[in-house]
Amino acid sequence: MSVQRSPPTGSDTLSVRSGSYPDLPSKTVCQDTPEVQKTFRNKRKLGSDYEEIMTEFSEMKKQITTVQNQMSEMMTYLSTMVNMQTDNFKKLNVDVSVIKQQMHDIKLNSDTLSVEQAKLKLDIDNLKINNNITEKKIESIESSLQHDNTSLNRFSMSDTREELVAELSERNLRSRNIIVMGVPEPKADNPKERREEDMNAILNILRNILGLKDIPDPDKIYRLGKYQSSRQRHMKVCFTSQETATLILKSKQNLNDNNIKIFSDQTPQQQDNMKMLKYELEQRTSSGEENLCIKYIRGILKIIKEVPKNPNQHFLHTKS
Numbered sequence: 058m059s060v061q062r063s064p065p066t067g068s069d070t071l072s073v074r075s076g077s078y079p080d081l082p083s084k085t086v087c088q089d090t091p092e093v094q095k096t097f098r099n100k101r102k103l104g105s106d107y108e109e110i111m112t113e114f115s116e117m118k119k120q121i122t123t124v125q126n127q128m129s130e131m132m133t134y135l136s137t138m139v140n141m142q143t144d145n146f147k148k149l150n151v152d153v154s155v156i157k158q159q160m161h162d163i164k165l166n167s168d169t170l171s172v173e174q175a176k177l178k179l180d181i182d183n184l185k186i187n188n189n190i191t192e193k194k195i196e197s198i199e200s201s202l203q204h205d206n207t208s209l210n211r212f213s214m215s216d217t218r219e220e221l222v223a224e225l226s227e228r229n230l231r232s233r234n235i236i237v238m239g240v241p242e243p244k245a246d247n248p249k250e251r252r253e254e255d256m257n258a259i260l261n262i263l264r265n266i267l268g269l270k271d272i273p274d275p276d277k278i279y280r281l282g283k284y285q286s287s288r289q290r291h292m293k294v295c296f297t298s299q300e301t302a303t304l305i306l307k308s309k310q311n312l313n314d315n316n317i318k319i320f321s322d323q324t325p326q327q328q329d330n331m332k333m334l335k336y337e338l339e340q341r342t343s344s345g346e347e348n349l350c351i352k353y354i355r356g357i358l359k360i361i362k363e364v365p366k367n368p369n370q371h372f373l374h375t376k377s
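If you use the numbering used here, the sequence shown corresponds to residues 58 to 377, in order.
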């Protein structure tokens, strides 16, 4: 009888130190174990079902690829459309801005046209008023000429109205001017310096001698006739309005210089009429008529019999 031993617990041997059982003879095990039988199995053939599945899979793969390509094309198309829409939107914004600017310009032009239309309407109204005044003056001149045979002889029957209109137009232009006599001729050789001296002399007469401090500057002044240092020429002073010239003529009584004289700018026809009226006044005064004077009646010079109540009243006598 063999003695059974317990598993080693010490550390006398390697087997004991490793804590494992002793190695059993492998030959004994191999002899007791029956020989393992090796078998080989052949791969199973799938047959026609597998081919159909692979064909369907291939078709599905192609369809998926086709769908992917279509989606890629669709995305490209959508991107292109988005870019086009963005460009169109930008162009539309630019067009809208241009249209807004054009509408703004049209509004400004419309406002300007409205202002110009109002001015034009005012000018038309003024022209109508001036036309009415002109027609009245023409009627007055015609009425005066009808009673003056001497004046009527200066006009032919066919040209009477045209010459009357020309005469009236010239009188209207000259009504804004005055004639100044007695202003010494400048000694400067330079024409520009002479004109400046004449301008200063006229302004001194108007503002200092006549006392018209707020009178506007003349539009232009010039002397009548050719320049000669040995003689003194009359001066024509032109203003922009008839009212300025009329104010100066009414204020000329305030002149304290006997060498300086101021007259209205008369047309040749007015000068001839004045000469005839002065001659007639002298004849009637020599015949014994008294209190006669030459006076404007409704814009027409006439000889009237009147005693001035105001000694400063502006009458035209034979000495003027």
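The beta carbon of each residue, even a glycine, is placed where N, CA and C say it ideally should be.
Report the rounded CA-to-CA distance for Ile156 versus Asn183, giving the unit in angstroms.
-> 40 Å
Helix or strand or just coil, what does DSSP make of Val151?
-> helix
Helix, strand or coil at Gln88 according to DSSP, with G and I counted as helix = Summary for Gln88: the model assigns pLDDT 47, below 50, so the residue's position carries little reliability, and this model does not support an answer.
Take Lys362 and list the residues in its own chain whose beta-carbon comes closer than 6 Å to its own, dropping the five residues that flank it on each side.
-> Asn348 and Leu349
How many Å lie between Arg218 and Glu337 at the Cα?
-> 27 Å
Residues in its own chain within less than 6 Å of Ile317 by CB, not counting five upstream and five downstream?
-> Gly239
Should the segment 259-278 be regarded as contacting the segment 289-300, the criterion being three or more beta carbon pairs within less than 8 Å?
-> yes
What number of angstroms, rounded off, separates the C-alpha of Ser208 from the C-alpha of Ser197?
-> Unreliable positioning characterises Ser208 in this predicted model, as indicated by a pLDDT of 48, which lies under 50. The coordinate reading is nonetheless provided below. Those two C-alpha atoms are separated by around 14 Å.
Look at the alpha carbon of Gln327 and the alpha carbon of Glu192, and state the distance between them as a whole number of angstroms.
-> 19 Å
Exposed or buried, which one is Leu81 when buried takes at least 16 other CB atoms within 10 Å?
-> Interpretation of Leu81 is limited by its pLDDT of 48, a score under 50 that renders its predicted location unreliable; no figure is taken from the coordinates.
At least three beta-carbon pairs within less than 8 Å, the segment 276-292 to the segment 222-242 = yes
Taking the C-alpha atoms as reference points, what is the distance between Thr143 and Val124?
-> 28 Å
Kindly indicate the opening and closing residues of the beta strand (DSSP E) around Ile361.
-> Ile357 to Lys362
Would you call Pro241 buried or exposed, if buried means 16 or more other Cβ atoms sit within 10 Å of its Cβ?
-> exposed
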